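Residue numbers (our numbering): 53 to 366. Take a look at the structure below.
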Amino acid sequence: MTAGETDPLQLILDRVHARLQGETERGSVADYIPELAHADPGRLGLAVQLTDGRSFVAGDADEPFSIQSVSKVFTLTLALGKVGDALWRRVGREPSGSAFNSIVQLEYEQGIPRNPLINAGAIVVADVILAGHEPREAIGEIVRFVRFLADDDSIRIDPAVARSETRTGYRNQALANYMRSFGNLHHEVDKVLGVYFHHCALSLSCRQLARAGAFLANRGRLVGGGHSVVSEERARRINALMLTCGHYDGSGDFAFRVGLPGKSGVGGGILAIAPGVASVAVWSPGLNANGNSLLGSRALEMIAREAGWSIFSG
Ligand code: GLN
């Protein structure tokens, strides 16, 4: 490429954004957390962070949004750092094939959630991070970790979103109480959910999210600095969980269409990883029937195809 030419990746993002921007079928914004119902379904942000340090964005890529369940990737990483493989005595590693907030399997499986990326599993992960701390300290640790990953101290939790879910999170309270009854939560339910609701309320832009997730594309190392966040093996395993479990009962379809590990959130964000190459963050608040961003999934499908990124191609 010579000076003055636009990078092919920028052209891809611009093209995808232009194609999807006018789309009228955009899914529905989550409203079971009242504060999320205010999101504008017209928004669409795209960001790519390459492992070589370059980054590209299109659309509303600098607008912070509620990352919700995408944060489970970061809390899982933290919890593995604290207790390592002992985590797998309390959480499984299998796709659930059911909704993100489903309770049905918990009874059959004695309070052990199927995986750390469904709500029940992430609530156990929050319990692990809480050990030895007050909720405020555990929340602080999570925020500091995400700021470190993104190299951006402006990242914060949206207190209105956290409050809104604390008031209305009946389903998560049921999941947490149920697991506590099996002895799989070690702290009081209110404290564990305090940590969980707050990390779900982290606000990041696509640009920040792509950067925060880039260690997963870069063999566990920060892009640029070379600082190791997790071992190469651990990064690989987190990616495997994202591929098999990151979109709940839509995980198979996401793997089929996009072919990359990904984690969605009901705020409409998705983080996808092209191992060795790039971390991609997309945001569009309208969701499909599985609670995953409708246009976000389509955008990733187009970006992955046009850039030739798939973990399944030789
Ligand atoms: N905080 C949300 C909840 O617990 C996260 C769900 C999601 O993003 N899928 O319901």
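All C-beta atoms in this analysis are idealised placements derived from N, C-alpha and C, irrespective of residue type, glycine included. Owing to the predicted nature of the structure, the values given are computational and were not obtained by experimental measurement.
Rounded to the nearest angstrom, how far is the Cβ of C297 from that of S148, given a contact under 8 Å? 7 Å
Using the three-state DSSP reduction, which class does F2 fall into: helix, strand or coil? Lying outside 53 to 366, the shown extent of the chain, residue 2 is not represented and no answer is given.
Unbroken alpha helix (DSSP H) run spanning F108, endpoints: Here F108 belongs to no alpha helix (DSSP H); instead the beta strand (DSSP E) covers 107-111.
Checking 8 Å against the spacing of the C-beta atoms, do T127 and A172 come in under that value? Taking the C-beta atoms as reference points, A172 is found no nearer than 8 Å to T127.
How many whole angstroms separate the CB atoms of A307 and L295, which I take to be in contact at a CB cut-off of 8 Å? That pair is a contact at about 6 Å.
Contact belief for S349 with R309 at Cβ below 8 Å, rounded distance in angstroms: 7 Å
For L245 and L339, I'd like the C-alpha separation in whole angstroms. Their backbone Cα atoms lie some 24 Å apart in a straight line.
Looking at V334: is its Cβ nearer than 8 Å to the Cβ of G97? yes
In three-state DSSP terms, what is S118? strand
Please list the terminal residues of the continuous beta strand (DSSP E) segment that includes A333. 330-335
When you compare each of A183, Q260, S316, G221 to E240 by their alpha carbons, which one comes out closest? For the residues A183, Q260, S316, G221, the minimum Cα distance to E240 belongs to A183.
Are the segment 132-149 and the segment 159-171 in contact at 8 Å, needing three or more beta carbon pairs? yes
Only counting the same chain, and skipping five residues up and downstream in sequence, which positions put a Cβ closer than 6 Å to that of A266? Q101, V275, S331
Could you pull the DSSP bridge partners for I325 from this structure? S331
Locate the alpha helix (DSSP H) running through S123, then write down its first and last residues. Judged by DSSP secondary structure, S123 falls within the alpha helix (DSSP H) whose first and last residues are 123-135.
Straight-line Cα distance separating L346 from E285: Between the C-alpha atoms of E285 and L346 there is a straight-line separation of about 31 Å.
Quick check: N224 and I175, are their CB atoms within less than 8 Å of each other? Cβ atoms of N224 and I175: closer than 8 Å.
C-alpha distance - V282 paired with G133, whole-angstrom precision: 8 Å
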